[in-house]
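In the UniProt record's numbering, the protein residues as written are 1 to 474.
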């Protein structure tokens with residue numbers, strides 16, 4: 001299925017399905033990804049939370065948004081919705097493999113209706129799952145959960161873990177010998193590799209398997225450790241001839257936010273000054289190619305926007321890039337209605353991705369453009385930390401075969417680098433449905449290219465009927 005459900009001729013307005021955009025990015029044209037990502041059901045009830053009503057309250061929240069910018073975004077989004085509603089007759093989302101629901105919250109634990117669109121609060125229910133609130137309802141869903149100490153332990157004691165690779169060679173599954181786990185990993189193959197990591201916990205061994213996309217690289221490391229980043233770039237370039245610089249770098253920083261400070265998110269910084277120091281320490285200007293693009297997801301606070309765009313001390317100025325585009329992700333309900341009013345004075349139904357481009361001549365200083373293009377991406381939200389995967393969209397701005405990296409990422413993308421302390425979280429096989437059938441289908445396609453009959457493995461017809469069907473469909 002195609003993740004882009006609608007796009008106007010100018011490509012300034014797009015409707016995209018978030019889970020499918022992530023799934024698409026796990027594969028390539030020759031080896032498409034067919035497994036489906038477990039997701040929350042699409043929200044159906046708009047957020048109608050309380051806003052600031054008294055004059056005193058309105059004055060107190062007046063600095064939450066830049067009035068001029070907010071007015072421009074409201075007009076942009078309104079025009080985009082008119083365009084979509086007049087030309088798009090299809091759905092606003094694709095069918096989802098929904099996370100299994102559990103019993104509704106007890107009455108004493110139910111949240112008020114206006115709280116249902118806040119970041120989900122997770123409750124531990126076991127080692128292998130947790131619950132998250134389903135937006136717009138009082139129900140909860142069961143979400144796969146790695147042990148709380150899994151990633152911290154990997155980062156701190158990587159040498160105490162072992163890994164085993166399983167890859168498809170011709171029409172056979174090839175399992176590599178066990179070896180020590182390495183926080184830096186590259187999949188050189190043209191199809192996914194299953195990386196199994198054995199976790200030692202309370203004298204019990206348990207293995208967790210992650211499906212790493214073709215051509216992807218991940219660095220499992222705290223983004224504060226920039227030395228790890230620089231050493232990894234150099235090491236991968238020497239061993240696998242991967243790029244030392246990139247055409248596209250994407251960042252989704254954990255901006256200071258008290259509501260996000262829980263055990264299931266990236267550690268946020270104390271304040272914007274600390275975040276600025278962290279991002280500047282990465283020295284991304286040394287890793288972006290001439291004419292390359294750096295994209296930064298921001299909140300709607302003016303202070304965050306200024307940190308990125310201040311003409312003298314902003315991040316873009318420090319990286320010698322010029323703001324060239326702004327992408328507004330409009331969060332919608334299942335029917336295309338914004339999840340809350342555009343006029344709400346405490347929250348907004350959109351987030352913004354700022355894109356800055358490096359001069360073609362690396363020795364030139366970046367200068368402001370006369371016109372900054374703005375685009376709207378409408379998408380029905382999923383789990384709180386999942387944004388639309390922009391791989392398809394950014395390809396329109398760059399040449400074919402571009403190199404890319406995501407920083408603070410939570411899943412790997414085919415052909416990209418991913419750096420973060422949860423860089424493979426959503427590559428865990430428990431988040432996917434149909435993964436085994438896809439691997440078998442990959443074996444079938446390989447057999448066809450090598451002269452095999454109809455691409456069906458005899459073992460599949462004996463052992464697994466669903467697997468055989470997957471081969472036939474491939």
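By construction, the Cβ of each residue, glycine as well, lies at the ideal position given by its N, Cα and C atoms.
The count of Cβ pairs closer than 8 Å, one atom from the stretch 365-375 and one from the stretch 315-332, reaches three, so the stretches are in contact. By the C-beta criterion, the stretch 11-19 is judged to be in contact with the stretch 388-398, since at least 3 inter-stretch pairs fall below 8 Å. Residue 166 places its beta carbon less than 7 Å from that of residue 175. In the DSSP assignment, residue 73 falls within the unbroken alpha helix (DSSP H) covering 67-87. Between the stretch 28-48 and the stretch 398-410 there are fewer than three inter-stretch CB-CB distances shorter than 8 Å, so the stretches are not counted as touching. Put simply, the stretch 274-290 does not touch the stretch 322-329. Fewer than three CB pairs are less than 8 Å apart.
Following the DSSP letters along the chain, one finds residue 247 inside the beta strand (DSSP E) bounded by residues 246-251. Residue burial annotation: residue 427 is buried, with at least 16 other C-beta atoms found within 10 angstroms of its C-beta.
The secondary-structure analysis by DSSP pairs residue 196 across a beta bridge with 164, 209. By the criterion of at least three beta-carbon pairs nearer than 8 Å, the stretch 297-313 is not in contact with the stretch 2-16.
In the structure shown, residue 339 adopts coil according to DSSP, grouped into three states.
Counted as a single uninterrupted DSSP element, the alpha helix (DSSP H) harbouring residue 240 occupies residues 226-240.
Using a Cβ distance threshold of 7 Å, residue 214 and residue 418 do not count as a contacting pair.
Listed in chain order, the non-local C-beta contacts of residue 353 below 6 Å within the same chain comprise 295, 297, 327, local neighbours out to five positions each way being set aside.
Sequence-distant partners of residue 142 (beyond 5 residues in either direction) whose C-beta falls short of 7 Å from its own C-beta, in its chain, are 99, 100, 102, 129, 131. If you draw a straight line from the Cα of residue 194 to the Cα of residue 83, it is about 43 Å long.
Cα atoms of residue 231 and residue 244: separation of roughly 11 Å, rounded to the nearest angstrom. In the DSSP assignment, the residues bridged to residue 13 are 376. Residue state for residue 155 is assigned as helix, using DSSP reduced to three classes. Under DSSP, residue 395 forms no beta bridge with any residue.
For the 7 Å CB-CB criterion, residue 211 and residue 24 do not form a contact. Here residue 71 is exposed. Its C-beta has fewer than 16 other C-beta atoms within 10 Å. Counted as a single uninterrupted DSSP element, the beta strand (DSSP E) harbouring residue 5 occupies residues 4-7. In this structure, the beta-carbon distance from residue 272 to residue 303 falls below 7 Å. Assigned with DSSP and collapsed to three states, residue 426 falls in helix. When only Cα atoms are considered, residue 361 and residue 36 end up about 42 Å apart.
Per DSSP, residue 404 is one residue of the beta strand (DSSP E) stretching across 404-407.
Excluding its 5 nearest sequence neighbours in each direction, residue 350 has C-beta neighbours in its own chain below 7 Å: 73, 77, 328, 329, 330, 331, listed in chain order. Check the Cα spacing between residue 11 and each of 401, 392, 415: the tightest is with 392. Between residue 236 and residue 242, the beta carbon gap of about 4 Å places them in contact (Cβ cut-off 8 Å).
Residue burial is scored here from C-beta neighbours: residue 371 has fewer than 16 other C-beta atoms within 10 angstroms and is therefore classed as exposed. Minimum Cα-Cα distance from residue 257 among the listed residues 154, 357, 300, 229 corresponds to 300.
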